[in-house]
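Inspection log for the structure reproduced underneath, given as C-alpha cells.
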Amino acid sequence: MNKIFSSPLFVCWDATYKCNLNCLHCCFGSNNKKNNELTTLEAKKMFDELSDLKVISFQFAGGEPMIRKDFFELAEYICKKNIITTVATNGLYIDKITSKKMKNIGIQGIQISLDGVNEKNHEYIRGKNTFSRTIEAIKHLVRVKIPVSVATLVYKKNIEDIYKLINFLNSIGVKNMRLQFLLPQGNAINNLKELFISPNKIKEIIEKLYNHPLVVQNKFNLILPCFVPSIIGTKQIKTNKSLFLTNNCGAGTCNVNINPFGDVTACGILTDEKWICGNIRENTLKNIWSKSDGFSIWRKDIKLNGKCNYCDLLDDCKGGCRASAYLSTGDINASDPLCWKGVNLNETTC
C-alpha cells in the first residue's frame, strides 16, 4: 500500500482547455471548445480550501492558463495564501510587463514549452511565429529572476537538437529541462507517424544527455521519465544531483489534478470520465480526497502485467508511467511501452 497523505500536497489546476495554439501533440485536443469553466469566485473558493488543507504547491496549467482574463487576479489571490505557485505556459503572453507582474505577485516558477534550438523544429509542433517569442519570454523571466524550467517534447525531427538545447538554455540562464515523450492522446493520435520515436531511440537519447558535461558537472538539471533507471542505472541516478525522475508522481497519494470544470482526478493525463473522483462544485476537495473510491487504484500496490514483473529494476521505476501504459494498451497495470527494456526483455533469460 502506498503512503497516503491526509490531504493533497500538490494540486495542478487546468485553468482552461482553451489555447492560443493547436500543438500537434496536445493531449486535450477538441476539449478546448467546452464551456462552463470555474468562475473567478469558484476558483477563489477552491484556493481558500487549498489553504485550509495546507496544500504546499499549486500549478496553473491548461490549455494556456494565461488566456483567462482573470489569470493575474487569481494568481495574486493564491500567492497571498503562501502556497508555492507555479505556471505551465507556452510563454506567448509573457513580455517585459507581464514578467515583472508575475514576479511582483509572488509566482515562484514557470515551465515553458520549447521544442528545439531553431525555429523549424519548434514551430513544426507549435505553429508559425512562436519560436522567437518563446525565447524572448524566457529571457524576460530570467531577467526578473523567476526560475524557469523548459519542457521539451522529444520527437523525430528534433532528436539532434536536444543535446544542443542544453547548451543553449544554459547560455540564457535556464538550468532545468523536462523531457517529454509522445502519448497517444488528443491531437497526437493523428500525428503518431510523424512524431513517435522508438524506445530504443529514447534510450540512445537519454544516454547521450546523461553524459553531457553540464549534467555530469551538476550544472544543469534533467527531469526524466520514470523508466530511466533501466537506461543509466539506479546508482547513477542516486549519485547525480542533476537527475530527477517522475517515477513517484504521487497521483492520488499526494497529488491531484482539477480540470477547468471542477472535476478531480488523480492524474493530469488520465482525465476522461471514468477517472473522475468527484467535482468541487458538488463536494469539498477534502471529502473527495478522503472518501472517493476513484483514488483506490492509485493507492494500492499495483500488480503489473507484462515483462516488468521479470525486470530487476521494478522496485526503482515501478513499471513506468501508468498513464502511458493505459493510453497505449488500455490496461492501467501494463508495462510502460516507452521503456526500452520492456520492449527487449526476454522473460526466459531475465
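For the record, in the sequence shown the residue sitting at position 8 is 7 according to numbering that gives the first Met the number 0, with numbers rising by one throughout.
We put the beta carbon where it would ideally sit given N, CA and C, even for glycine.
Within this structure, are the beta carbons of residue i and residue j separated by less than 7 Å?
i	j	result
Leu23	Asn220	no
Ser334	Gly305	yes
Ala60	Asp13	yes
Val380	Asp160	The structure shown does not extend to residue 380, since the chain spans only 0 to 349, so no value can be given for it.
Cys78	Thr84	yes
Asn282	Cys11	no
Asn123	Lys156	Note on residue identity: the sequence assigns Tyr, not Asn, to residue 123. In contact: Tyr123 and Lys156 (Cβ atoms closer than 7 Å).
Cys26	Glu63	no
Leu269	Ala322	yes
Gln179	Leu152	yes
Phe9	Ser56	yes
Around the Cβ of residue i, are there at least 16 other Cβ atoms within 10 angstroms (buried) or fewer (exposed)?
i	result
Ile111	buried
Pro212	exposed
Leu40	exposed
Thr38	exposed
Ile66	buried
Ile82	buried
Gln216	exposed
Ile96	exposed
Ile350	Since the first residue of the chain shown is 0 and the last is 349, residue 350 is not available in this structure.
Val143	exposed
Ignore the nearest five residues each way along the sequence and tell me which others in residue i's own chain have a CB closer than 8 Å to its CB.
i	result
Lys200	Ile158
Phe4	Thr252, Cys253
Lys163	Val116
Cys248	Cys225, Asn254, Cys266, Cys320
Ile104	Phe71, Ala74, Glu75, Cys78
Pro183	Leu191, Leu326, Ser327
Could you give the distance in angstroms between the alpha-carbon of residue i and the alpha-carbon of residue j?
i	j	result
Pro259	Gly318	30 Å
Leu20	Asp311	42 Å
Ile287	Asn278	8 Å
Trp361	Asp330	Absent from the model: residue 361. The displayed extent of the chain is 0 to 349, so no value can be given.
Leu313	Leu337	15 Å
Thr252	Pro7	7 Å
Cys316	Pro224	9 Å
Asn345	Ile106	With a pLDDT of 44 at Asn345, under the threshold of 50, the modelled position of this residue cannot be trusted; read the value that follows with caution. Cα to Cα, the separation comes out at about 48 Å.
Lys2	Ile171	40 Å
Ile196	Ile165	20 Å
Gly108	His121	22 Å
Lys285	Asp300	23 Å
Ile205	Lys44	42 Å
Lys119	Lys302	43 Å
Ala250	Gly267	8 Å
Cys349	Trp339	In this predicted model, Cys349 has a pLDDT of only 28, less than 50, meaning its place in the structure is not dependable; the value taken from the coordinates is given anyway. Distance between the alpha carbons of Cys349 and Trp339: 14 Å.
Lys290	Asn128	47 Å
Asn34	Glu135	32 Å
By Cβ distance, which residues of its chain are closer than 7 Å to residue i, with the 5 residues on each side in sequence left out?
i	result
Asp47	none
Asn36	In the sequence as presented, Asn is not what sits at residue 36; that position holds Glu. Counting only Cβ-Cβ distances below 7 Å, and skipping sequence neighbours, we find Thr15, Pro259, Phe260.
Asn332	Ile301, Lys302, Leu303, Asn304
Who are the Cβ neighbours of residue i in its own chain at under 6 Å, not counting the five residues just before and after it?
i	result
Thr133	Gly90, Leu113
Asn190	Leu23
Thr347	Confidence in Thr347 is poor, its pLDDT being 34 and thus under 50, which makes the residue's placement unreliable; the coordinate value appears in the next sentence. Closer than 6 Å at Cβ, skipping near neighbours: no residue.
Gly126	Leu20
Pro262	The question names Pro, but residue 262 in the sequence shown is Asp. Excluding residues within five positions, the ones whose Cβ falls inside 6 Å are Ile275, Asn278.
Tyr154	Leu194
Quiz item: Within the chosen definition, does the segment 146-156 reach the segment 169-182 through at least 3 CB pairs nearer than 8 Å?
Solution: yes
Quiz item: Are there three or more Cβ pairs, one per stretch, closer than 8 Å when the segment 290-299 is compared with the segment 48-63?
Solution: no
Quiz item: Is the segment 62-76 close to the segment 97-104, with three or more CB pairs under 8 Å?
Solution: Here the segment 62-76 lies against the segment 97-104, with 3 or more beta-carbon pairs under 8 Å apart.
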